[in-house]
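To start, the structure itself, in structure tokens.
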Amino acid sequence: MAVTLEVVGVGKDFLIPVIDSVSFTVEAGEFVCLLGPNGCGKTTLLRIVGGLEPPTRGRVLLGGEPVAGRGRHTRKVGVVFQEDRLLPWMTLRENVELVLLPLGVDARTRRATAERYLRLAGLAGFEGYYPARVSGGMRQRAAIARALAIEPDLLLMDEPFGALDAQNRRIMQAEVRRIWHETGRTIVFVTHAIEEAVAIGTALIMLSARPSRIRAEVRNDGRLARATLVDDLNALIMEEVERQQGASSTS
Amino acid sequence: MNARRWASRLHLPTLGVALVIVAAWLALSWRYGAYVLPSPAAVARGFADIVASGEIWRHTAASLGRIVVGFGGAVVVALLAGLAAFLSRTARGVIHDFVSVLNSTSVFVWIVISIIWFGLSNWAPIFTTFMITLPVIASNIVEGVENVDRRLLEMGDVYRLAGRQKFTAIVVPSTLPYLLAGMKVGFGLALKVSVVAEIFGVTSGIGYVMNYSREILATQMVFVWALVMILVMTATDKLVFDAISRRLDRWR
Numbered sequence: 069m070a071v072t073l074e075v076v077g078v079g080k081d082f083l084i085p086v087i088d089s090v091s092f093t094v095e096a097g098e099f100v101c102l103l104g105p106n107g108c109g110k111t112t113l114l115r116i117v118g119g120l121e122p123p124t125r126g127r128v129l130l131g132g133e134p135v136a137g138r139g140r141h142t143r144k145v146g147v148v149f150q151e152d153r154l155l156p157w158m159t160l161r162e163n164v165e166l167v168l169l170p171l172g173v174d175a176r177t178r179r180a181t182a183e184r185y186l187r188l189a190g191l192a193g194f195e196g197y198y199p200a201r202v203s204g205g206m207r208q209r210a211a212i213a214r215a216l217a218i219e220p221d222l223l224l225m226d227e228p229f230g231a232l233d234a235q236n237r238r239i240m241q242a243e244v245r246r247i248w249h250e251t252g253r254t255i256v257f258v259t260h261a262i263e264e265a266v267a268i269g270t271a272l273i274m275l276s277a278r279p280s281r282i283r284a285e286v287r288n289d290g291r292l293a294r295a296t297l298v299d300d301l302n303a304l305i306m307e308e309v310e311r312q313q314g315a316s317s318t319s
Numbered sequence: 072m073n074a075r076r077w078a079s080r081l082h083l084p085t086l087g088v089a090l091v092i093v094a095a096w097l098a099l100s101w102r103y104g105a106y107v108l109p110s111p112a113a114v115a116r117g118f119a120d121i122v123a124s125g126e127i128w129r130h131t132a133a134s135l136g137r138i139v140v141g142f143g144g145a146v147v148v149a150l151l152a153g154l155a156a157f158l159s160r161t162a163r164g165v166i167h168d169f170v171s172v173l174n175s176t177s178v179f180v181w182i183v184i185s186i187i188w189f190g191l192s193n194w195a196p197i198f199t200t201f202m203i204t205l206p207v208i209a210s211n212i213v214e215g216v217e218n219v220d221r222r223l224l225e226m227g228d229v230y231r232l233a234g235r236q237k238f239t240a241i242v243v244p245s246t247l248p249y250l251l252a253g254m255k256v257g258f259g260l261a262l263k264v265s266v267v268a269e270i271f272g273v274t275s276g277i278g279y280v281m282n283y284s285r286e287i288l289a290t291q292m293v294f295v296w297a298l299v300m301i302l303v304m305t306a307t308d309k310l311v312f313d314a315i316s317r318r319l320d321r322w323r
């Protein structure tokens with residue numbers, strides 16, 4: 069069931085305006101990367117999209133249904149945070165099974181689903197391990213497996229590889245791309261690393277400095293050479309970073 | 072395993088210091104006499120006597136029985152307080168205030184009140200134990216509840232876990248170490264307090280027999296029963312609390 073994400077005129081103020089007005093649409097199956105200088109509100113925007121925080125202005129619709137507010141949500145959203153947020157007292161398998169509880173499936177199905185997605189994320193054989201016993205990269209894989217296990221309409225990832233070393237980061241980028249191919253999920257991925265975004269996303273949205281608007285929206289379907297794209301985006305982001313530094317030094 | 076690790080495993084440094092203390096004890100008791108400071112030999116003999124006669128079990132069981140009731144009651148009430156603290160910020164504030172008040176109330180106040188209310192009966196030590204250990208365990212549980220990782224709770228919200236699921240999967244395991252720490256301290260307190268309360272009006276138990284020994288000038292028996300208390304506390308620590316702690320810490 070293909071579901072579209074619509075972000076309409078979303079703005080957010082925390083004492084000062086962080087997000088001015090952002091509107092975009094993500095079609096089912098797309099892999100969108102949200103880029104922008106630090107502090108521009110990318111994480112806030114992602115949290116609003118995920119229904120974790122209410123916008124000050126505008127609204128977000130997933131499959132036509134608002135993501136925020138009380139009341140029944142029929143759409144499923146999976147989130148991979150910067151920290152793995154696994155429960156340390158449960159094994160990797162139990163952590164994934166936990167989020168299947170609200171879906172009302174029986175125990176055997178939960179276990180089978182958990183194992184399937186852990187295997188998909190490259191953790192075959194480690195299902196019975198506790199998070200403290202595996203590496204940071206593996207914990208993030210488990211967090212990804214957990215997000216996928218609910219078979220979400222939308223998968224949100226907030227700089228999930230920030231804490232990993234460069235090699236692991238590269239490996240995980242390739243893994244996420246592979247998982248996206250195999251599952252066809254709609255993904256919105258926040259990062260401040262241009263190279264990462266260009267390597268994995270099908271569409272790139274760059275936010276401006278705070279208070280943010282959309283600075284650039286680019287399709288990454290191979291028409292533009294990667295290197296060119298990276299250079300162009302780097303130039304843009306440097307402008308925005310300087311604008312943000314300038315703004316904060318005069319304010 | 073090398074020599075140093077064996078030494079520390081067997082608490083050899085502590086035993087070394089203990090031997091020095093026993094030697095000093097021997098010297099001082101020889102100097103000051105059996106009423107003020109009985110010799111280590113007299114204490115050892117007294118201990119052997121109560122083991123042989125079975126008295127050690129009779130009085131220890133009596134004290135432990137009362138402690139378990141008072142302490143157990145405190146754990147139950149503290150758990151309810153923890154649940155209330157989790158559900159309501161107002162409740163948390165109220166509990167904090169009551170815990171402060173209880174913490175600053177002396178043991179003797181509870182002993183006197185329980186004698187007035189319950190007369191000279193088993194209830195005096197039980198009630199006293201309950202009132203003294205309750206604030207300790209409750210404040211530990213509440214601290215545990217306050218220290219639950221909010222990010223984990225948010226993850227629970229993202230995945231639409233029900234309140235009860237968040238409670239059992241996140242809050243409870245997160246709070247258990249705090250509860251256990253509170254129970255360990257609380258039990259030690261319960262032992263000390265119960266024994267004092269037993270001076271007033273009961274006819275069995277470690278406190279009773281210690282006081283009785285004092286009255287008949289058998290000072291060495293006071294030391295013997297103090298030793299029994301130390302053994303009870305050590306046994307409970309190692310066999311109960313440390314065992315539970317190891318089980319809970321499997322995942323670390």
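Residue numbers (my numbering), protein chains in the order written: chain X, 69 to 319; chain W, 72 to 323.
Cβ atoms here follow ideal geometry from the backbone N, Cα and C, with glycine treated the same way.
Small disclaimer: the values here were computed from a predicted structure and weren't measured.
In the structure shown, W:M226 adopts helical secondary structure according to DSSP, grouped into three states. The C-beta distance from W:S110 to W:L97 rounds to 6 Å, short enough to meet the 8 Å contact threshold. Listed by position along chain W, the residues whose Cβ is nearer than 8 Å to that of X:P170 are Y230, R231, L232, A233 and Q236.
Taken in chain order, the complete beta strand (DSSP E) segments of 3 residues or longer contained in the region 209-242 of chain X are 222-226. With contacts defined as CB atoms closer than 8 Å, X:E165 and X:R178 qualify as a contacting pair. Here W:T290 carries a helix assignment [DSSP, helix/strand/coil]. Annotation for W:R163: A156 and V213 place their beta carbon closer than 7 Å to its own, counting only its chain and skipping 5 residues before and after. Residue X:F149 holds the alpha-carbon nearest to the alpha-carbon of X:F229 among X:V100, X:T111 and X:F149. By the 16-neighbour rule on beta-carbons within 10 angstroms, W:Y279 is buried. For the C-beta of X:G118, the chain W residues within less than 9 Å are, from N- to C-terminus, V229. Within the same chain, and ignoring the five residues on either side of W:V93 in sequence, the residues whose Cβ sits closer than 8 Å to its Cβ are P111. Each residue's CA atom was taken as its position, placing X:Y197 and X:E264 some 30 Å apart. The Cβ of X:A200 sits closer than 8 Å to at least one Cβ of chain W. Within chain X, the C-beta atoms nearer than 7 Å to that of W:I241 come from L155, in chain order. In this structure, the beta-carbon distance from X:L275 to X:L102 falls below 8 Å.
Here W:T239 is exposed: its Cβ has fewer than 16 other Cβ atoms, across all protein chains shown, within 10 Å. Those residues of the region 243-274 of chain W placed with their C-beta closer than 9 Å to a C-beta in chain X are P244, S245 and L247, ordered along the chain. W:W322 and W:K255 have their C-alpha atoms roughly 21 Å apart.
According to DSSP, residue pairing for W:V170 in a beta bridge does not occur. Considering only beta carbons, the part of the region 140-154 of chain X lying closer than 9 Å to chain W consists of H141, K144, V145, G146, V147, F149, E151, R153 and L154, in chain order. Counting C-beta atoms within 10 angstroms of its own C-beta, X:P199 has 16 or more neighbours from the protein chains shown and is therefore classed as buried.
In its chain, beyond the 5 residues on either side, no residue has a beta carbon closer than 6 Å to the beta carbon of X:V173. Its chain contains no residue whose beta carbon lies nearer than 6 Å to that of W:D313 once the 5 sequence neighbours on both sides are disregarded.
Shown here for X:V309: same chain residues with a beta carbon closer than 6 Å to its own, the five before and five after excluded, namely P105 in chain order. Contact check for X:K110 against X:P220 fails: the beta carbons are separated by 8 Å or more. The three-state reading of DSSP puts W:K237 in helix, counting H, G and I together.
In the structure shown, the three-state DSSP call for W:E214 is helix. Look at X:L166: its C-beta is under 8 Å from a C-beta on chain W. Identification of chain X residues near W:E217 by a Cβ-Cβ cut-off of 9 Å yields none; the smallest Cβ-Cβ distance measures about 18 Å. DSSP places W:L97 inside the alpha helix (DSSP H), whose first and last residues are L83 to Y103. Taking W:P196 as the centre and dropping the five residues before and after it, the same chain places the C-beta of R137, S265, A268 and E269 closer than 6 Å to its C-beta, in chain order.
The three-state reading of DSSP puts W:M304 in helix, counting H, G and I together. In the DSSP assignment, no residue is bridged to W:V256.
When beta bridges are read from the DSSP output, X:F82 appears opposite X:I84. Taking all protein chains shown into account, W:W188 has fewer than 16 neighbouring C-beta atoms within 10 Å of its C-beta and is therefore exposed. Residues are counted here when their Cβ sits less than 8 Å from a Cβ of chain W; for the region 215-229 of chain X these are I218, given in chain order.
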